[in-house]
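Residue numbers (the numbering used here), protein chains in the order written: chain A, 2 to 358; chain B, 2 to 358.
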């Protein structure tokens, strides 16, 4: 058990942006929301799931939609509370803890605000170990846990309760509703017992995000020293270094889709890198060859500081370094690869786990 | 109070097709569902709303979607029961009566089956006096009654509860969900007290549909005799007589949209008629001049029998007579015209109430 204070939020924000792999929305604005909640209700307890008894309801809360829209529709805490409360009412049971569905991006922050408001602890971990674009892309799903009943609310006051036959239908129904309400919505879903959470969650992702952020923000370390730690402690592999030549984006169907193109600098001077994304970075091709794919993490960072950069923030000429990090082992299972492997996203390539080349 | 027996269903089916004004789905298949329910549970009680005490919950049930799809996704009774039960559970209250939201088309039948199953009476009337394509196009809406909470279910077992900020949002959210589940869904909505129903409903539409069907099906009357009664008792006005030259249809957005073109016969030999529809017939133009618009009823009937024809059933060469009937007075109010007048549907014309020309 530890607490999350306002001082942790800046680190968490940076770490969560890294784990957001380009998507998930910039957590900075979300961190303001968490900061306000902590200021009002006090520090948030971050628990290891083993500290909780087996029984008791856990509710993950998140924001859903295209990050492009999410960052413009930041909820006030009230909407997240409404989503969690609507789900509690549907289940006729009170939650004992709040959980993070994705520790990448803004969704690392959304649960903190509501946990502070409700006086509940947050469980350290998530269901991805990163960010993914669709609702069934969770370790919960891999472990056979249903996403519904699910509550969805928008900032205008529209509420939905969805009860779907499977998690793919949950994604479909929630996605169309999210598009209908303007491209972003607040959701509470995958209600489960703490016993199920113990079995199915990716553990420790919240504290990992805080540590990663602290490392990157450390003013006493050089970029090279940070790079060494990223490689040694987190399995990071440098894929490319260069500058942004183009970012093509479109977001009509509830996702931010597009392609990032970079031309090389330094040792990569003769090379080009292309990164395909659907909210999150999905595949990196260097000079036409696949060098990393989902579910491994593909992270674009500032070349001088290693500060992670979301897809929205990328602009022409930006000097960047692109890293890959290995995904959680849950994603290397056959159901994991089926759920989030490159073929699911329409790429005709198999996932090859990262190796230092 | 009267009962609806299996013998009434054939009349109701024809009358409801007429009031369906081309849309609403052919009630014939729905009548089989009602027939099965009556066979199993006994005749259905049809009540005047004044026979009920002011308190008590009334639930309208219906099918939503493009009629093109609706007639291919006829529910088993179980789905309608699920929708009504989900709404009862959300409200934590049992219904005392079932209501028809539109007496035109298949939605005249859907409530009968569930009423028989639940042992509840059906209130004689609806919220349109006809069929309309969108959820907010009801006398309930004109009287300020909210459509939500609303239950939506599909034939696969997906369930939604929608709580929207207004009835336009209800339509939007339910429509996108209906499209997502394949173009048709079962809904229970506009839950209200019997007191509200007394104030806001269009009365007597179910028995009117049965009477209209009985008249049209009467083998002892000639077409001319039927036409005289349609004019005298129901305000019917003949707009055209001719044959179908073309029907252009598309249904991508959850509606069946298109245009019917007819060339004249007899006194209309030199004329052409065009009917624009969005599920229901919306506007009739004879030789380019508007001769009838929503909210008045535009009904296409077989020229030899006056049997009404749904848009789906229209084929090239079909000999037809086109009638208009005056709408319920609720639609001539300013909120009524705003809700269902021609301008709502994108036509740059004002509604002119029917007159014999």
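The C-beta atom is built at its ideal place from N, Cα and C for all residues, glycine as well.
Determine the chain B residues that contact residue i at a beta-carbon separation under 7 Å, and present them in chain order.
| i | result |
| --- | --- |
| residue 160/A | 164 |
| residue 181/A | 173, 174, 177 |
| residue 170/A | 159 |
Hey, could you find the ends of the beta strand (DSSP E) residue i is sitting in?
| i | result |
| --- | --- |
| residue 321/B | 320-326 |
| residue 226/A | Looking at the DSSP string, residue 226/A is not in any beta strand (DSSP E); the run it does join, the alpha helix (DSSP H), is 224-235. |
| residue 259/A | 258-265 |
| residue 104/A | It is not in any beta strand (DSSP E) - residue 104/A carries neither H nor E in the DSSP assignment. |
| residue 221/B | From DSSP, residue 221/B is part of no beta strand (DSSP E); its letter is neither H nor E. |
| residue 350/B | Taken as a continuous stretch (DSSP letters only), residue 350/B belongs to no beta strand (DSSP E), as it is neither H nor E. |
| residue 243/B | 238-251 |
Nearest by alpha-carbon distance to residue i: which of the options is it?
| i | options | result |
| --- | --- | --- |
| residue 322/B | 197/B, 222/B, 311/B, 73/B | 311/B |
| residue 176/A | 137/A, 204/A, 6/A | 137/A |
| residue 204/B | 350/B, 245/B, 31/B, 49/B | 49/B |
| residue 24/B | 268/B, 59/B, 100/B, 256/B | 256/B |
| residue 115/A | 99/A, 106/A, 353/A | 99/A |
| residue 68/B | 326/B, 6/B, 105/B, 170/B | 105/B |
| residue 258/B | 346/B, 241/B, 2/B | 346/B |
| residue 20/A | 300/A, 316/A, 318/A, 338/A | 300/A |
| residue 1/A | 170/A, 192/A, 353/A | Any answer about residue 1/A is impossible in this case: the structure gives chain A only from 2 up to 358. |
| residue 51/A | 40/A, 2/A, 87/A | 2/A |
| residue 42/B | 156/B, 121/B, 252/B, 225/B | 121/B |
| residue 355/A | 339/A, 341/A, 324/A | 324/A |
| residue 87/A | 155/A, 12/A, 291/A, 169/A | 155/A |
| residue 225/B | 70/B, 61/B, 306/B | 306/B |
| residue 135/A | 197/A, 272/A, 280/A | 280/A |
| residue 235/A | 123/A, 27/A, 40/A, 329/A | 329/A |
| residue 243/A | 249/A, 229/A, 262/A | 262/A |
| residue 269/B | 288/B, 251/B, 252/B | 288/B |
| residue 314/A | 231/A, 275/A, 249/A | 249/A |
| residue 182/A | 216/A, 211/A, 35/A, 65/A | 65/A |
| residue 81/A | 38/A, 229/A, 47/A, 57/A | 38/A |
| residue 265/A | 277/A, 286/A, 254/A, 251/A | 286/A |
| residue 199/B | 59/B, 76/B, 239/B | 59/B |
| residue 195/A | 291/A, 174/A, 97/A | 97/A |
What is the residue span of the alpha helix (DSSP H) that residue i lies within?
| i | result |
| --- | --- |
| residue 72/A | No alpha helix (DSSP H) contains residue 72/A, which DSSP labels as neither H nor E. |
| residue 5/A | No alpha helix (DSSP H) holds residue 5/A; the beta strand (DSSP E) holding it covers 3-5. |
| residue 336/B | 335-341 |
| residue 217/A | 206-218 |
| residue 111/B | 111-119 |
If you measure between the beta carbons of residue i and residue j, is that distance less than 7 Å?
| i | j | result |
| --- | --- | --- |
| residue 149/A | residue 163/A | yes |
| residue 103/B | residue 125/B | no |
| residue 54/A | residue 4/A | no |
| residue 331/A | residue 140/A | yes |
| residue 133/A | residue 237/A | no |
| residue 294/B | residue 352/B | yes |
| residue 282/A | residue 6/A | no |
| residue 63/B | residue 108/B | yes |
| residue 143/A | residue 337/A | yes |
| residue 153/B | residue 111/B | no |
| residue 146/B | residue 158/A | no |
| residue 211/A | residue 40/A | no |
| residue 302/A | residue 296/A | no |
| residue 245/A | residue 319/A | yes |
| residue 216/B | residue 230/B | yes |
Along chain A, in chain order, which residues have C-beta atoms closer than 7 Å to that of residue i?
| i | result |
| --- | --- |
| residue 157/B | 166 |
For this session: Ignoring anything shorter than 4 residues or poking outside the stretch 180-204 of chain B, list the alpha helix (DSSP H) runs there in chain order.
Result: 195-201
Problem set entry | beta strand (DSSP E) segments (min. 3 residues) lying fully within the stretch 142-175 of chain A | 151-154, 160-164
Problem set entry | Ordered list of alpha helix (DSSP H) runs contained in the stretch 8-89 of chain A, each at least 4 residues | 28-42, 68-71
For this session: Tell me the start and end of each unbroken beta strand (DSSP E) in the stretch 277-316 of chain B that is at least 3 residues and wholly inside, in chain order.
Result: 281-287, 290-294, 298-303
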